[in-house]
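Reading through the structure tokens given below for one structure.
There are 2 protein chains.
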Amino acid sequence: MASASVKDVAALAQVSVGTVSNVLNRPEIVSAETVERVHQAMEKLSYVRNEAARQLRLGHSQAIGLITLSGANPFFTDVATAAENAAADAGYSVIVGNSNERQDREAGYLNLFEELRVRGVLLSPVGDAADRLRRMRDRGIPAVLVDRVSSDSTFSSVSVDDVAGGAMAAEHLIETGRTRLAFVGGPVAIQQVADRLAGARSVVARHPGVTLEFVDTAAPDVLEGRKAGQAIADRAPEDRPDAVFAANDLLAIGLLQTLFSDGKLAVPEEIALIGYDDIQFAGASVVPLTSIRQPSHLIGETAVQILLEEAENPGLEPRRVLYQPELVVRASTARR
Amino acid sequence: MASASVKDVAALAQVSVGTVSNVLNRPEIVSAETVERVHQAMEKLSYVRNEAARQLRLGHSQAIGLITLSGANPFFTDVATAAENAAADAGYSVIVGNSNERQDREAGYLNLFEELRVRGVLLSPVGDAADRLRRMRDRGIPAVLVDRVSSDSTFSSVSVDDVAGGAMAAEHLIETGRTRLAFVGGPVAIQQVADRLAGARSVVARHPGVTLEFVDTAAPDVLEGRKAGQAIADRAPEDRPDAVFAANDLLAIGLLQTLFSDGKLAVPEEIALIGYDDIQFAGASVVPLTSIRQPSHLIGETAVQILLEEAENPGLEPRRVLYQPELVVRASTARR
DNA sequence: CTGAAAGCGCTAACAA
DNA sequence: TTGTTAGCGCTTTCAG
Chain A
1 MASASVKDVA ALAQVSVGTV SNVLNRPEIV SAETVERVHQ AMEKLSYVRN EAARQLRLGH
61 SQAIGLITLS GANPFFTDVA TAAENAAADA GYSVIVGNSN ERQDREAGYL NLFEELRVRG
121 VLLSPVGDAA DRLRRMRDRG IPAVLVDRVS SDSTFSSVSV DDVAGGAMAA EHLIETGRTR
181 LAFVGGPVAI QQVADRLAGA RSVVARHPGV TLEFVDTAAP DVLEGRKAGQ AIADRAPEDR
241 PDAVFAANDL LAIGLLQTLF SDGKLAVPEE IALIGYDDIQ FAGASVVPLT SIRQPSHLIG
301 ETAVQILLEE AENPGLEPRR VLYQPELVVR ASTARR
Chain B
1 MASASVKDVA ALAQVSVGTV SNVLNRPEIV SAETVERVHQ AMEKLSYVRN EAARQLRLGH
61 SQAIGLITLS GANPFFTDVA TAAENAAADA GYSVIVGNSN ERQDREAGYL NLFEELRVRG
121 VLLSPVGDAA DRLRRMRDRG IPAVLVDRVS SDSTFSSVSV DDVAGGAMAA EHLIETGRTR
181 LAFVGGPVAI QQVADRLAGA RSVVARHPGV TLEFVDTAAP DVLEGRKAGQ AIADRAPEDR
241 PDAVFAANDL LAIGLLQTLF SDGKLAVPEE IALIGYDDIQ FAGASVVPLT SIRQPSHLIG
301 ETAVQILLEE AENPGLEPRR VLYQPELVVR ASTARR
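Set out below in structure tokens:
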């Protein structure tokens, strides 16, 4: 048994295909009696509308695409969940792709989404995707940047002030008495990483006697955090920082695993540690982690809202929404 | 500027649309010279193939649907990532939906996937979806169950022996000297939860003097774990279990947050704790967590492979792949 | 090797 | 209120 089409339903209900289409899309213009008859026919045939055909006719799909930097990062899964809910309310579904910080993956998903004629794209770009996004917009597929502001301000964006967040983290570390800070994160090509570092640097510059060291990582994940932790633990005590600011919680948790879990160094006594994102696991780590919270839920929701407005109203002025992060203090940065 | 179609490309390259389609799908039958000309035309128009039209013609899409129980559980995101990679190798993409243990959500995604005419569905069912899946299969959309065996063995499945895993956990707890065990997890309507509990019970039954208490939770997540931890901590000492087996790591981490982090109880001295899944964060929790590891990567990979075989070869005998879990010992269950 | 043409299932305009 | 029909972009015979 193959799938039933409008034609089959029409035949069974003794109406035309146009009428079937109408009960599907504008039931109010069809007589109650006919609606009923058609519904029964659909039921009997267990009719399921063919999205491809609908979309071909409409010119675009009822889906929006979302590309995040990392599927393993709870921050992004939170954003995605919020986006899904907001989209569902508006009758759209969300297709998620993870670039894992790779430009080629990002390009691949952008391609797929364009083939799918999605209604719009939500993107946390790896590098500078402006050219590609402009081309898509010219074809009627708008984009809004997520967790990142547009380099040339021609696209809407929903993000959190990473420079402020970075400053907040550094300030907190200094306030609790630390002077030899290290920023662990990378690659700096990721704008979020660069901004957080910049924020921290600006604060350190205002505090004579306080230093900030930069420890690069190949990716902002748990594994790289472990490596960085190992490297720091292997140093001579007088050569070690007394506080570490990790570019995100994944890195911080990795740091905790090698640096501190093995009992090599006491946290926060010997080294304080602060992360970023305040993911669900931050409060349950070896030492509960101080972190900078981002309103992940709000980000996803707002991004969808703006995107849909632009999709229905091309030529709208780009908007930039900038949320403020929030410091969440836990044991990992307790005063000495 | 709207999107260019095969017709535009054909016109520019001075060939027919049929030829354009051929260079897209069977370039080997087209002369090299023509291929070149068509490619140049595509380039100039930045042609992007319309998936909807292709799919309408083909009768099905180049995507497979995946419905997981929880988007917040790293175990499922691992399965999803593996599935995406395996699918990509075969020229398919994966659309992911999270039911969050809700039947209505699951039904919604099943509907969406059928409208999308996905090539097949990968599903961790909330309840018993057999009827619905059978109907989809009749229409040419096969399904394979993930992390769960089919109740009536008419569907292929890729899962891990949860009964064995539950037994493994209980045995380990007993071996390390605990006698008053508690199983924290729920709802038992989730098969995985029920199986792990059953495995633990069978082991306990073989050990006189050992008891197993069941502590129900509304969902297997961090929040519910916290609540359960609170409840246990509030009991009189002689009334408390000396070991807790959490149905998954999310619950275990939640337990850790209220039960142990607050310094109320020492782990593993006063209470031992074992989780399930061995997610990335298990090794970095307040007390590094002993857990039962599942081969999440293999699960996703194998499921895709079986699904695609069935899609291309309807009427194949259902297969059941059952992997064995593995005990990973960490500090949370150290011998007293 | 290439071209012409049918038709996948649907929606929206227009006619009745 | 309902029916008829064109056409969305693509693939695939079938002729040439």
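Top line first, the protein sequences correspond to chains A and B. No gaps in the numbering here: position 330 of the first sequence is 330 in UniProt numbering, and each next residue is one more. No gaps in the numbering here: position 202 of the second sequence is 202 in UniProt numbering, and each next residue is one more. Idealized CB from N, CA, C, for every residue including glycine. Fair warning: this is a prediction, and the values are worked out from it, not measured in the lab.
Spatially closest choice to residue i from the options, by CA coordinates
i: valine 15 (chain B); options: B:Val94, B:Ser46, B:Ala4, B:Val38; result: B:Val38
i: arginine 119 (chain A); options: A:Ala10, A:Ser61, A:Ile174; result: A:Ser61
i: residue 361 (chain B); options: B:Ala52, B:Arg102, B:Val94, B:Arg320; result: Here chain B has residues from 1 to 336 only, and residue 361 (chain B) is not among them.
i: glutamate 326 (chain B); options: B:Ile292, B:Ile232, B:Asn100; result: B:Ile292
i: threonine 77 (chain A); options: A:Val184, A:His207, A:Gln280; result: A:Gln280
i: threonine 333 (chain A); options: A:Ala80, A:Thr258, A:Leu58, A:Glu270; result: A:Glu270
i: valine 96 (chain B); options: B:Ala86, B:Ala88, B:Phe113, B:Ala90; result: B:Phe113
i: alanine 2 (chain B); options: A:Asn22, A:Val20, A:Ser21, A:Gly59; result: A:Gly59
i: arginine 320 (chain A); options: A:Val329, A:Ala331, A:Ala303; result: A:Ala303
i: asparagine 50 (chain B); options: A:Ser156, A:Arg57, A:Ser31, A:Leu316; result: A:Arg57
i: alanine 331 (chain B); options: B:Pro295, B:Asn98, B:Leu273, B:Asp278; result: B:Leu273
i: alanine 52 (chain A); options: B:Arg117, B:Pro74, B:Glu33; result: B:Arg117
i: serine 285 (chain A); options: A:Leu298, A:Glu301, A:Ser296, A:Leu256; result: A:Leu256
i: lysine 227 (chain B); options: B:Leu123, B:Leu259, B:Glu317, B:Val287; result: B:Leu259
i: methionine 136 (chain B); options: A:Gly186, A:Leu45, A:Leu123, A:Ala246; result: A:Leu45
i: residue 355 (chain A); options: A:Glu301, A:Ser202, A:Asp277; result: Examination of residue 355 (chain A) is not possible in this model, given that chain A is present from 1 through 336 alone.
i: isoleucine 306 (chain A); options: A:Met42, A:Asp234, A:Ala87; result: A:Ala87
i: phenylalanine 247 (chain B); options: B:Gly275, B:Asp234, B:Ala231, B:Ile232; result: In the sequence under discussion, the amino acid at residue 247 (chain B) is alanine, which differs from the phenylalanine named in the question. Alanine 247 (chain B) has its Cα closest to that of B:Gly275, out of B:Gly275, B:Asp234, B:Ala231, B:Ile232.
i: arginine 201 (chain A); options: A:Ala231, A:Ser151, A:Asn98, A:Phe245; result: A:Phe245
i: alanine 11 (chain B); options: B:Gly300, B:Gly315, B:Ala41; result: B:Ala41
i: asparagine 73 (chain A); options: A:Asn98, A:Ala231, A:Arg336; result: A:Asn98
i: alanine 90 (chain A); options: A:Glu301, A:Asp162, A:Asp195; result: A:Glu301
Residues that DSSP places opposite residue i in a beta bridge
i: valine 184 (chain A); result: A:Val215, A:Ala246
i: isoleucine 292 (chain A); result: A:Leu327
i: asparagine 50 (chain A); result: In DSSP, asparagine 50 (chain A) forms no bridge with anything.
i: valine 144 (chain A); result: A:Leu122, A:Ser156
i: valine 321 (chain A); result: A:Val158
i: asparagine 98 (chain A); result: A:Thr68
i: leucine 273 (chain A); result: A:Val244
i: serine 285 (chain A); result: B:Ser285
i: alanine 63 (chain A); result: A:Ser93
Whole-Å CB distance - residue i paired with residue j, under 8 angstroms assumed
i: valine 160 (chain A); j: valine 184 (chain A); result: Rounded, the Cβ-Cβ distance is 20 angstroms, inconsistent with contact.
i: valine 204 (chain B); j: leucine 223 (chain B); result: Wrong, their Cβ atoms sit about 28 angstroms apart, outside the cutoff.
i: glycine 225 (chain B); j: glycine 199 (chain B); result: Contact flag wrong, Cβ pair sits at about 20 angstroms.
i: threonine 217 (chain A); j: glycine 186 (chain A); result: 4 angstroms
i: valine 126 (chain B); j: leucine 197 (chain B); result: Contact flag wrong, Cβ pair sits at about 18 angstroms.
i: residue 339 (chain A); j: serine 296 (chain A); result: The shown model of chain A, from 1 to 336, leaves out residue 339 (chain A), and the question about it has no answer.
i: valine 9 (chain A); j: asparagine 22 (chain A); result: Not really, about 12 angstroms apart at Cβ, beyond 8 angstroms.
i: proline 27 (chain B); j: valine 20 (chain B); result: Going by Cβ atoms, the distance from proline 27 (chain B) to valine 20 (chain B) rounds to 11 angstroms, so no, they are not a contact pair.
i: valine 48 (chain B); j: glutamate 115 (chain A); result: 6 angstroms
i: aspartate 147 (chain A); j: serine 124 (chain A); result: 5 angstroms
Next on the checklist: Beta carbons nearer than 7 angstroms to chain B: which residues of the stretch 231 to 265 of chain A have them?
Outcome noted: Taking 7 angstroms as the Cβ-Cβ cut-off against chain B, the residues of the stretch 231 to 265 of chain A that qualify are Ile253, Leu256, Gln257, Ser261.
Next on the checklist: Using 8 angstroms as the cut-off, can you tell me whether the stretch 293 to 310 of chain A makes contact with the stretch 136 to 146 of chain A, which would need three or more C-beta pairs spanning the two stretches below that distance?
Outcome noted: With a cut-off of 8 angstroms on Cβ pairs, the stretch 293 to 310 of chain A is in contact with the stretch 136 to 146 of chain A, counting three or more such pairs.
Checklist entry - Using a Cβ cut-off of 7 angstroms, which residues of the UniProt domain "HTH lacI-type" (4 to 58) of chain B contact any Cβ in chain A, in chain order? => result Among the residues of the UniProt domain "HTH lacI-type" (4 to 58) of chain B, those with a Cβ less than 7 angstroms away from any Cβ of chain A are Ser46, Val48, Arg49, Asn50, Glu51, Ala52, Ala53, Gln55, Leu56, in the order of the chain.
Checklist entry - Between the stretch 193 to 208 of chain A and chain B, which residues of the former have a C-beta closer than 9 angstroms to a C-beta of the latter? => result Those would be none; no residue qualifies.
Next on the checklist: Using a Cβ-Cβ cutoff of 9 angstroms, what residues of the stretch 69 to 90 of chain A are near chain B? List them in chain order.
Outcome noted: The stretch 69 to 90 of chain A vs chain B, Cβ under 9 angstroms: Gly71, Ala72, Pro74, Thr77, Asp78, Ala80, Thr81, Glu84, Ala88.
Checklist entry - Is the stretch 234 to 243 of chain A touching the stretch 189 to 200 of chain A, taking contact as three or more C-beta pairs under 8 angstroms? => result Verdict: no, contact absent.
Checklist entry - Contact between the stretch 96 to 116 of chain B and the stretch 102 to 120 of chain A: three or more CB pairs below 8 angstroms? => result Because the criterion of three Cβ pairs below 8 angstroms is not met, the stretch 96 to 116 of chain B and the stretch 102 to 120 of chain A do not touch.
Checklist entry - Along the stretch 160 to 171 of chain A, what residues have a CB closer than 9 angstroms to any CB found in chain B? => result Residues are counted here when their Cβ sits less than 9 angstroms from a Cβ of chain B; for the stretch 160 to 171 of chain A the count is zero.
Next on the checklist: Does the stretch 52 to 70 of chain B come into contact with the stretch 252 to 267 of chain B, if we say contact requires no fewer than three beta-carbon pairs (one atom in each stretch) closer than 8 angstroms?
Outcome noted: In short, these stretches do not touch, since the Cβ pair count stays below three.
Checklist entry - For the stretch 315 to 326 of chain B against the stretch 170 to 184 of chain B, are there 3 or more C-beta pairs whose distance is under 8 angstroms? => result Contact annotation: the stretch 315 to 326 of chain B does not touch the stretch 170 to 184 of chain B, with fewer than three C-beta pairs closer than 8 angstroms.
Item to check | Interface residues of the stretch 91 to 104 of chain B facing chain A [CB-CB below 7 angstroms] | outcome: The residues in question are Ser93, Ile95, Val96.
Next on the checklist: Measuring CB atoms only, is the stretch 281 to 301 of chain A touching the stretch 158 to 175 of chain A, in the sense that at least three cross pairs come out at less than 8 angstroms?
Outcome noted: Yes: at least three Cβ pairs fall under 8 angstroms.
Next on the checklist: What are the residues in the stretch 266 to 295 of chain A lying within 7 angstroms of chain B by C-beta distance?
Outcome noted: From the stretch 266 to 295 of chain A, only Gln280, Phe281, Gly283, Ala284, Ser285, Val286, Pro288 have a Cβ closer than 7 angstroms to chain B.
Checklist entry - Can we say the stretch 81 to 88 of chain A touches the stretch 123 to 138 of chain A, given the rule of at least three CB pairs closer than 8 angstroms? => result Judged by Cβ distances under 8 angstroms, the stretch 81 to 88 of chain A makes no contact with the stretch 123 to 138 of chain A, as fewer than three pairs qualify.
Item to check | the stretch 244 to 253 of chain B / the stretch 243 to 256 of chain A touching (three or more Cβ pairs under 8 angstroms) | outcome: Contact between the stretch 244 to 253 of chain B and the stretch 243 to 256 of chain A is absent, because fewer than three Cβ pairs lie under 8 angstroms.
Next on the checklist: Please identify, using Cβ separations under 9 angstroms, the residues of the stretch 112 to 128 of chain A that lie next to chain B, in order along the chain.
Outcome noted: Correct list: Leu112, Glu114, Glu115, Leu116, Arg117.
Checklist entry - Taking any Cβ of chain A, which residues in the stretch 131 to 157 of chain B have a Cβ under 8 angstroms from it, in chain order? => result Within the stretch 131 to 157 of chain B, the qualifying residues are Arg135, Asp138, Arg139, Gly140.
Checklist entry - Given a limit of 7 angstroms on CB to CB distance, which residues of the stretch 217 to 231 of chain A reach chain B? => result Taking 7 angstroms as the Cβ-Cβ cut-off against chain B, the residues of the stretch 217 to 231 of chain A that qualify are Val222.
Next on the checklist: To be precise: take each residue of the stretch 299 to 325 of chain A, compare its Cβ to all Cβ atoms of chain B, and keep it if any distance is under 7 angstroms. Which residues remain?
Outcome noted: Listed in sequence order: no entries.
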